[in-house]
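Participant: Residue numbers (our numbering): 3 to 245.
I have a structure I would like to understand better, so I am pasting it below and will then ask my questions one at a time.
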Ligand code: PXP
């Protein structure tokens, strides 16, 4: 069974557009759970553009499924994560001007910092996932540094306009999944996934978890979060049961 992590950052983005109290990502998380979410994912960014420190605190107290905190390696955020105790953390690169997380974390180039962070979370009993591109060297180094999971960046697959490029990106993700499993990692995937493009990822990668945000929250505008999550679960299950 592929687990679904629902990213509720986008609900907080709407709240922050008016700097008010609604819509509350805490309500969104509860609705997502009722729709079948296995994991609630939030990203506490340095600039606090969507999720706030209060959201992290309240969600830690209210989320009944697993809570996954996405974060950069910034010391301030690492300290908040250690004090909060999410069920897992996902380390991502973070650039101030980006609209969303752009590329994977450069684990090879930042081995020392990443390894240090993994050890701190290890000591606190919090498993670490590294959000990386499906590049063999990045995957192998993630395993060497003691990560529990890698989340393979599906953005280039999701953004591919033509079928042949999509197939190429899918093959890279599939190969990366094989390398990760062989190295002892649990392999997850996410970014840019939608109701339309999730099927091949499920079938070819058979990931442990998928992390999906924008597409679910977009559909939720029309059908509500509970139903949007239920439909994504259905799309994933359908892909798994196809002959
Ligand atoms: N996984 C990671 C590591 C992310 O940073 C994001 C975006 O916050 C997602 C998954 C979800 O991406 P999307 O919103 O495109 O589904």
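Ideal placement from N, C-alpha and C gives every residue a C-beta, glycine not left out.
From a predicted model like this one, the values you see are computed outputs, not experimental measurements.
Near residue 179, what residues of its chain come up, given a Cβ to Cβ distance below 6 Å and the 5 sequence neighbours on each side ignored?
Facilitator: 189, 207
Participant: List, from N- to C-terminal side, the alpha helix (DSSP H) runs of 4 residues or more that fit wholly inside the segment 151 to 212.
Facilitator: 157 to 161, 165 to 184, 200 to 207
Participant: Going residue by residue through the segment 5 to 65, where are the continuous alpha helix (DSSP H) segments of at least 4 residues, counting only ones entirely within it?
Facilitator: 11 to 20, 27 to 37, 55 to 64
Participant: Cutting at 7 Å between CB atoms, please list the residues of its own chain near residue 168, excluding the five before and the five after it.
Facilitator: So the qualifying residues of the chain are 159, 162.
Participant: Where does residue 96 fall in DSSP's three states?
Facilitator: coil
Participant: Taking just the CA atoms, how far does residue 131 sit from residue 91?
Facilitator: 6 Å
Participant: In this structure, how does DSSP classify residue 68 when only helix, strand and coil are distinguished?
Facilitator: strand
Participant: Which residues mark the beginning and the end of the beta strand (DSSP E) in which residue 132 is found?
Facilitator: 130 to 134
Participant: Please list the terminal residues of the continuous alpha helix (DSSP H) segment that includes residue 110.
Facilitator: Residue 110 -> no alpha helix (DSSP H), and no H or E assigned at all.
Participant: Mind checking which residues open and close the alpha helix (DSSP H) that includes residue 3?
Facilitator: No alpha helix (DSSP H) holds residue 3; DSSP gives it neither H nor E.
Participant: Can residue 40 and residue 72 be called in contact, C-beta distance under 8 Å?
Facilitator: no
Participant: On a Cα-Cα basis, can you pick out the residue from 44, 155, 194, 245 that is closest to residue 89?
Facilitator: 44
Participant: Let me know if residue 47 comes out buried or exposed under the rule of 16 or more other beta-carbons within 10 Å of its beta-carbon.
Facilitator: Residue 47 should be labelled buried.
Participant: Assuming residue 27 and residue 8 form a contact by the criterion Cβ under 8 Å, report the distance between their Cβ atoms to the nearest whole angstrom.
Facilitator: At roughly 11 Å, the Cβ-Cβ gap does not stay under 8 Å, so residue 27 and residue 8 are not in contact.
Participant: What separation, rounded to the nearest whole angstrom, lies between the Cα atoms of residue 109 and residue 52?
Facilitator: 26 Å
Participant: Rounded to the nearest angstrom, what separates residue 56 and residue 183 at their Cα positions?
Facilitator: 36 Å
Participant: Which whole-angstrom value is the C-beta distance of residue 156 and residue 195, which I expect to be below 8 Å?
Facilitator: 6 Å
Participant: Residue 15 to residue 213, Cα distance in whole Å?
Facilitator: 18 Å
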